[in-house]
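Structure (structure tokens):
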């Protein structure tokens with residue numbers, strides 16, 4: 204056998220960089236909500252782009268989900284978006300969601316199944332704004348708010364007004380320390396924003412979502428998870444489609460790793476002493 208020359212065959216031996224899809228840790232609470240479907244999609248994504256689209260479309264056909272204007276939901280390759288077409292308008296008019304082979308769009312697609320009515324409501328409002336204002340250099344206040352919701356929202360389900368007031372008032376010691384035992388009994392969180400989920404692949408202390416506060420009935424916390432999610436889906440979508448003003452001031456910032464039970468280090472009260480993350484707010488509760 205002849206000896207290999209210097210550098211010969213090294214390219215063959217170099218390991219391919221790991222797929223970003225392999226980094227999803229399903230034990231984390233922000234990913235666990237996506238359940239078995241997410242793990243199936245992960246396996247498909249690791250197999251390749253066509254496999255991911257096929258898995259997403261098979262699920263869409265199975266449940267009969269529709270987009271903002273009632274068209275059946277489907278997922279297409281990003282390159283199939285016609286030149287010059289606006290993303291949200293295309294979804295509304297065709298039902299087809301342009302999807303890239305990356306984590307950002309993987310989590311975006313996941314939300315069409317986790318909270319289908321909210322996603323359809325966002326699409327309906329975005330496309331309605333485009334009908335009025337067209338595609339311009341700026342989005343406008345309503346579209347900015349809707350985009351922020353889609354990309355970075357947390358759903359803060361709460362049955363205790365004092366906890367909602369603590370969140371709005373940046374009263375972190377009350378929300379996370381003094382009233383810690385109220386979590387999962389009087390309040391809880393669902394991650395919705397797909398950009399936020401993408402960031403949480405590599406969680407960091409300052410990672411902050413925009414919390415949309417949802418007042419829930421007291422017996423909400425006695426329901427099964429699926430029933431809670433369905434209730435949130437209905438209530439939030441109705442609010443987004445309602446006549447109330449939509450503005451970014453409706454959100455409250457919420458550092459994700461501060462949520463009790465979501466990060467080991469926050470078991471120690473001193474975790475919340477970091478004022479670069481748990482900042483004092485300027486708004487009144």
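Numbering (the working numbering), first residue to last: 204 to 488. All C-beta atoms, glycine included, are put in the ideal place defined by N, C-alpha and C.
Let me make sure I understand the geometry here. Which of 357, 356, 375 has the alpha-carbon closest to that of residue 365?
Your numbering for residue 365 matches position 162 in the chain shown. Measuring from the Cα of residue 365, the nearest candidate turns out to be 375.
Any chance the segment 248-256 sits against the segment 296-314, with 3 or more Cβ pairs inside 8 Å?
Yes: the two stretches touch, three or more of their Cβ pairs being nearer than 8 Å.
Cutting at 7 Å between CB atoms, please list the residues of its own chain near residue 363, excluding the five before and the five after it.
Translated into the one-based positions of the chain shown, residue 363 becomes position 160. Within the same chain, residue 363 has close Cβ partners 385, 389, 390.
Between which two residues does the alpha helix (DSSP H) harbouring residue 354 extend?
For the purposes of this step, residue 354 is taken as residue 151 along the chain shown, with counting starting at 1. Start and end: 344-355.
Mind checking which residues open and close the beta strand (DSSP E) that includes residue 241?
What you label residue 241 is simply residue 38 of the chain shown in a count that begins at 1. Here residue 241 belongs to no beta strand (DSSP E); instead the alpha helix (DSSP H) covers 238-250.
How is the alpha helix (DSSP H) around residue 294 delimited, first residue to last?
Sequence index remark: in the chain shown, residue 294 carries index 91 (1-based). Counting along the chain, the alpha helix (DSSP H) containing residue 294 begins and ends at 290-297.
Can you give the Cα-Cα distance for residue 431 and residue 265, rounded to whole angstroms?
As a first step, residue 431 must be located in the chain shown, where it is residue number 228. As a first step, residue 265 must be located in the chain shown, where it is residue number 62. Roughly 22 Å separates the two Cα atoms.
Check each candidate in 286, 323, 238, 305 and name the one with the smallest Cα separation from residue 298.
As a position in the chain shown, residue 298 is number 95, starting the count at 1. Checked all of 286, 323, 238, 305; the closest Cα to residue 298 is 323.
Thinking C-beta only, is residue 435 closer than 8 Å to residue 393?
Within the chain shown, residue 393 is the residue found at index 190, counting from 1. Within the chain shown, residue 435 is the residue found at index 232, counting from 1. Yes.
How is residue 480 classed by DSSP in three states: helix, strand or coil?
Position 277 of the chain shown, counted from the start, is the residue given in the question as residue 480. In the structure shown, residue 480 sits in coil (DSSP, three-state: anything other than H, G, I, E or B).
Determine the DSSP secondary structure at residue 473, reduced to helix, strand or coil.
Locating residue 473 in the chain shown gives position 270, where the first residue counts as 1. Helix at residue 473.
Taking the CB atoms as reference points, tell me whether residue 271 and residue 222 lie closer together than 8 Å.
Along the chain shown, read from residue 1 onward, the residue named residue 271 stands at position 68. Along the chain shown, read from residue 1 onward, the residue named residue 222 stands at position 19. In this structure, residue 222 does not lie closer than 8 Å to residue 271 by Cβ.
Considering Cα atoms alone, identify which of 383, 404, 220, 326 is closest to residue 229.
The residue given as residue 229 occupies position 26 in the chain shown. Comparing Cα-Cα distances from residue 229 to each of 383, 404, 220, 326, the minimum goes to 404.
When DSSP builds the beta bridges, which residues end up paired with residue 412?
The sequence position of residue 412 within the chain shown is 209, counting from 1. Paired residue(s): 457.
Does DSSP put residue 284 in a helix, in a strand, or in coil?
The residue you call residue 284 lines up with position 81 of the chain shown. Reduced to three states, the DSSP call for residue 284 is coil.
Return the chain-ordered list of same chain residues with a C-beta closer than 6 Å to the C-beta of residue 412, the five sequence neighbours on each side being excluded.
As a first step, residue 412 must be located in the chain shown, where it is residue number 209. The residues are 355, 357, 399, 457, 459.
So within the segment 250-281, which uninterrupted beta strand (DSSP E) runs reach at least 3 residues, ignoring any that extend past its ends?
For the segment 250-281, whole beta strand (DSSP E) runs of length 3 or above, ordered along the chain, are 277-280.
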